[in-house]
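Quick notes on the structure that follows.
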Amino acid sequence: MHELGIITEAVRLAVASARAHGAERVDAVRLRVGALSGAVPEALQFAFDAVTAGTPAEDARLTIETVPARWWCAACAAEFAADDWQACCPRCGTWSDQLRAGRELDIASIEVS
Amino acid sequence: MCKTCGCGGGGHDAEVGSGTQPMATEADVHGHKPSDHHGHEPGHDHGMPPRTVSLQRSLLEKNDRLAERNRGFFRAKRLLVLNVLSSPGSGKTTLIQRTGIALQGRLRLGVIVGDLATDRDAARLRAAGLPVVQVTTGTVCHLDAEMVARAARQLDLDELDVLVIENVGNLVCPADYDLGEDLRVVLLSVTEGEDKPLKYPPAFHSAQVALITKVDLAAAAGFDRAAAVANLRRISHHARLFELSAQSGDGMAEWLEFLVQQHAAVNR
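In the order they appear, the protein sequences are chains A and B. In terms of my numbering, the first sequence opens at residue 2 and continues consecutively. In terms of my numbering, the second sequence opens at residue 319 and continues consecutively.
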């Protein structure tokens, strides 16, 4: 995965947003990461420590909220949960190809001071 | 009321949300001495007050936006655009080369080819008479929408009908990057093992077209066709499936006909 690229963009947005709010430091960064995004939390943390060094986000806390995967079953006209790519509707047994949530790679919020 | 230090009750910009109030320094606003301080916890250095800023943005947003721009541009140029994904060595270059040659007189192909290093693939495609732009990504393991936009400017798009983007040989990262294509095409060669779709589901799930390639080698590779198709169907339920060999020509006619139809469809 490209955790480094993801984190580079997150830190860029966090530092720019902190500056826009007149803050000097980024104290925490909160990410929302889908269960099927492919991003590995340990790799995100590793990249975060490397990328933030020497920036206003140095030593900031990284929090990763995992978003469970939700699929849409067209036959049942209902969602179901499955943190798996072989998403089979538990009600009718149909394979779903419509992933409604679980691919997120979002920056949710930051704490600044 | 104190605007900067969080003391003295409400009216602070320590909000959750996208507050835009500019911060003032302590001296600007306070005018009071440190001894006037009231109720601060020890150790608070009285710089900026801690605040939460809500961002709620996708970290791939920049790429997604550029990809939409590419898509609009390619549509205006009446191009069918393919993003071809696979592991290294699945036969992307040979497929594109043979497809371009076979379609001569019907559709004009141009190619953007991404590789970490070397222009060997580009040279092979150029030798086949196809207009080619090489993108050398260095350490980047995928093409992104910006690289494609830049590369596309080096091709005479008005002289093309189909733009094929040969992604970096990698089944992981390219899956996340929309390039502005009409169709994502994923290759599974018979020499790779039948379980690739289960091991790399995002790439296979995101594809509209799945190709089983090198079918002329199936017997030698001990390829279990039924298992491969079943695995593909579990992940790429919705994808159009073709089985072919660019080398021997087996199954190429159906693939070529599909491209002609798809090109007509984007120009309807």
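Virtual Cβ for every residue (Gly too), placed ideally from N, Cα, C. Predicted model only: the values in this text are computed from it and were never measured.
Supposed contact pair residue j and residue i - C-beta distance, whole angstroms, cut 8 Å
i      : j      : result
V451/B : L473/B : 6 Å
D107/A : R33/A  : 4 Å
P368/B : S114/A : 4 Å
T455/B : L434/B : 6 Å
F615/B : G498/B : Nothing can be reported for residue 615/B, as the shown portion of chain B is limited to 319 through 586.
L398/B : D500/B : 6 Å
I65/A  : P42/A  : 5 Å
V527/B : G569/B : Not a contact, Cβ separation roughly 13 Å.
P57/A  : A21/A  : That belief does not hold up - the Cβ atoms of P57/A and A21/A are roughly 12 Å apart, past 8 Å.
A70/A  : L37/A  : 5 Å
L378/B : A109/A : Not quite, the Cβ-Cβ distance comes to about 15 Å (not below 8 Å), so this is no contact.
R101/A : G35/A  : That pair is no contact at about 11 Å.
L427/B : T417/B : 7 Å
V431/B : V453/B : 7 Å
Beta carbon proximity, residue i to chain B, threshold 8 Å
i      : result
I111/A : yes
L63/A  : no
D28/A  : yes
L14/A  : yes
G39/A  : yes
A11/A  : yes
A133/A : Residue 133/A lies beyond the range of chain A shown here (2 to 114); nothing can be said about it.
Residues bridged to residue i [DSSP beta-bridge criterion]
i      : result
A166/A : Missing from the structure shown is residue 166/A; chain A here goes from 2 to 114 and no further.
C89/A  : W96/A
L481/B : V399/B, G428/B
I108/A : L32/A, R375/B
R586/B : For R586/B, which the question treats as bridged, DSSP gives no partner whatsoever.
L559/B : A528/B
T454/B : D433/B
I65/A  : L32/A
A82/A  : R71/A
V503/B : V402/B, V527/B
A102/A : R71/A
T370/B : E112/A
V52/A  : Partner(s): none; V52/A has no beta bridge.
V27/A  : V113/A
Minimum Cβ-Cβ distance from residue i to chain A less than 8 Å
i      : result
L377/B : yes
H523/B : yes
L373/B : yes
P520/B : yes
P368/B : yes
I553/B : yes
H460/B : yes
D568/B : no
E359/B : Confidence in E359/B is poor, its pLDDT being 44 and thus under 50, which makes the residue's placement unreliable; the coordinate value appears in the next sentence. Output row for E359/B: interface = no.
Cβ of residue i within 8 Å of any chain C Cβ
i      : result
M366/B : Reference to chain C is not applicable here, since the protein chains of this structure are A and B.
Q. Of all the residues that make up the segment 85 to 112 of chain A, which are near chain B by a beta-carbon distance shorter than 7 Å?
A. W86, Q87, W96, D98, L106, D107, I108, A109, S110, I111, E112
Q) At a cut of 8 Å, does the segment 6 to 15 of chain A reach the segment 42 to 51 of chain A through at least three beta carbon pairs? A) The segment 6 to 15 of chain A is in contact with the segment 42 to 51 of chain A.
Q: Pair every Cβ in the segment 460 to 470 of chain B with every Cβ in the segment 486 to 502 of chain B, then say whether three or more of these pairs are closer than 8 Å.
A: yes
Q: Could you please tell me which residues of the segment 462 to 495 of chain B, in chain order, have their CB closer than 8 Å to any CB of chain A?
A: V490, C491, A493, D494
Q: Decide if the segment 378 to 389 of chain B is in contact with the segment 434 to 443 of chain B; the criterion is three or more beta carbon pairs, one per stretch, under 8 Å apart.
A: no
Q: Could you tell me whether the segment 512 to 520 of chain B touches the segment 474 to 485 of chain B, where touching means 3 or more Cβ pairs closer than 8 Å?
A: The answer is no - the segment 474 to 485 of chain B does not touch the segment 512 to 520 of chain B, with fewer than three Cβ pairs under 8 Å.
Q) Is it a yes or a no for the segment 537 to 551 of chain B touching the segment 68 to 80 of chain A, going by three-plus beta-carbon pairs under 8 Å? A) no
Q. Looking at C-beta atoms only, is the number of pairs between the segment 23 to 32 of chain A and the segment 85 to 98 of chain A that lie closer than 8 Å three or more?
A. no
Q: Using a Cβ-Cβ cut-off of less than 7 Å, give me the residues of the segment 537 to 564 of chain B that come near chain A, in sequence order.
A: R552, I553, H555, H556
Q: State whether the segment 490 to 505 of chain B contacts the segment 419 to 426 of chain B, with contact taken as three or more CB pairs (one from each stretch) at a distance under 8 Å.
A: no
(Q) Contact between the segment 557 to 566 of chain B and the segment 464 to 481 of chain B is defined here as three or more beta-carbon pairs at a separation below 8 Å; is this criterion met? (A) no
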